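Asker:
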Amino acid sequence: MKTIYYTASSLDGFIADPDNSLSWLLSRDIDQEGPMSYPTFRATVGAAALGATTYQWILDNDPDGWEYTMPSWVFTHRSFAPQEGITFTTDDVRDVHAAMSEAADGKDVWLIGGGDLVGQFADAGLLDEVWVQYAPVTLGGGAPLLPRRIELRLEEHARNREFLCARYAVSSPA
Ligand SMILES: NC(=O)c1ccc[n+]([C@@H]2O[C@H](COP(=O)([O-])OP(=O)(O)OC[C@H]3O[C@@H](n4cnc5c(N)ncnc54)[C@H](OP(=O)(O)O)[C@@H]3O)[C@@H](O)[C@H]2O)c1
Numbered sequence: 008m009k010t011i012y013y014t015a016s017s018l019d020g021f022i023a024d025p026d027n028s029l030s031w032l033l034s035r036d037i038d039q040e041g042p043m044s045y046p047t048f049r050a051t052v053g054a055a056a057l058g059a060t061t062y063q064w065i066l067d068n069d070p071d072g073w074e075y076t077m078p079s080w081v082f083t084h085r086s087f088a089p090q091e092g093i094t095f096t097t098d099d100v101r102d103v104h105a106a107m108s109e110a111a112d113g114k115d116v117w118l119i120g121g122g123d124l125v126g127q128f129a130d131a132g133l134l135d136e137v138w139v140q141y142a143p144v145t146l147g148g149g150a151p152l153l154p155r156r157i158e159l160r161l162e163e164h165a166r167n168r169e170f171l172c173a174r175y176a177v178s179s180p181a
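The sequence shown begins at 8 in the working numbering and counts up by one.
1) Look at the alpha carbon of D112 and the alpha carbon of S86, and state the distance between them as a whole number of angstroms.
2) Suppose the cutoff is 6 Å on Cβ atoms and the five residues either side in sequence are ignored; what does the same chain contact list for E91 look like?
3) Quick test of the definition: if touching needs 3 or more C-beta pairs under 8 Å, does the region 66-73 touch the region 41-58?
4) Would you decide whether G147 is buried or exposed? Buried here means 16 or more other CB atoms lie within 10 Å of its CB.
5) Specify which residues have a beta carbon nearer than 5 Å to any heavy atom of ligand 1, listing them in chain order.
6) What does the alpha-carbon distance come out to for the pair P78 and C172?
7) Buried or exposed for D67, going by 16 or more other Cβ atoms inside 10 Å?
8) Can you tell me which of A142, T145, V139 and L134 puts its alpha carbon nearest to the alpha carbon of S179?
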């Protein structure tokens with residue numbers, strides 16, 4: 008079981024633009040059956056965690072709303088409507104990670120983002136890999152990919168149409 012941050016980023020390291028938009032990403036060409044694609048990754052995942060802003064973005068922008076079937080934890084101090092399969096939490100990432108690992112039942116744990124939440128897992132020594140799909144664009148600002156200093160080792164890379172896809176292992180926390 009691995010704990011993986013799988014995300015897409017601009018070349019200058021932002022996962023959302025300054026307006027909290029993903030239009031720079033969702034308009035691009037990627038082969039969903041190609042290397043390091045989301046469906047391939049998704050099949051390995053048994054539990055997920057995300058921050059409140061990412062969850063709100065999904066509620067606001069995804070026509071299907073919350074459609075994930077895996078047990079998920081949303082870190083937040085806000086009041087969201089109850090959602091089947093989601094635990095809203097302010098608990099320590101260590102406690103949540105233990106619950107996620109149990110729920111994942113041998114499959115991987117997916118940290119959806121944002122970057123600082125992933126950093127909190129990394130601070131606790133609970134991040135194993137970072138997978139990034141780099142879109143061919145710079146944004147100049149926005150939500151940061153992973154605002155920490157973390158040593159990584161490049162394990163795999165591939166081109167998937169417009170995207171440079173990279174898989175890194177966490178070497179050690181700074
Ligand atoms: N490019 C991609 O593939 C990709 C992937 C993921 C996300 N995104 C986008 O990137 C943006 C991410 O935004 P972000 O980095 O600002 O935010 P985020 O992690 O999604 O949400 C941040 C919020 O999560 C809550 N939070 C974080 N840590 C917490 C903790 N330990 N305990 C309790 N609550 C905690 C806080 O919300 P409260 O206000 O509730 O305290 C905080 O303001 C979103 O627009 C999202 O849609 C893009």
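Just so you know, even glycine gets a beta-carbon here, dropped at the ideal spot from N, CA and C. None of the values given here were measured: they were computed from a predicted structure.
Answerer: The relevant details are as follows:
1) If you number the sequence shown from 1, residue 112 lands on position 105. If you number the sequence shown from 1, residue 86 lands on position 79. C-alpha separation (whole angstroms): 29 Å.
2) In the sequence shown, the residue the question calls residue 91 occupies position 84. If we look at E91 and ignore the five residues flanking it on each side, it has no Cβ neighbours.
3) no
4) Taking the sequence shown and counting its residues from 1, one reaches residue 147 at position 140. Label assigned to G147: exposed.
5) For ligand 1, the selected residues are T14, A15, I22, A23, N27, G58, A59, T60, T61, W64, F82, T83, H84, R85, T97, G120, G121, L124 and A150.
6) Numbered from 1 along the sequence shown, position 71 holds the residue referred to as residue 78. Numbered from 1 along the sequence shown, position 165 holds the residue referred to as residue 172. Each residue's Cα considered, the two are about 26 Å apart.
7) Walking along the sequence shown from the start, residue 67 turns up at place 60. Exposed, because fewer than 16 other Cβ atoms sit within 10 Å of the Cβ of D67.
8) Taking the first residue of the sequence shown as 1, we reach residue 179 at position 172. Checking every option, the nearest Cα to that of S179 belongs to L134.
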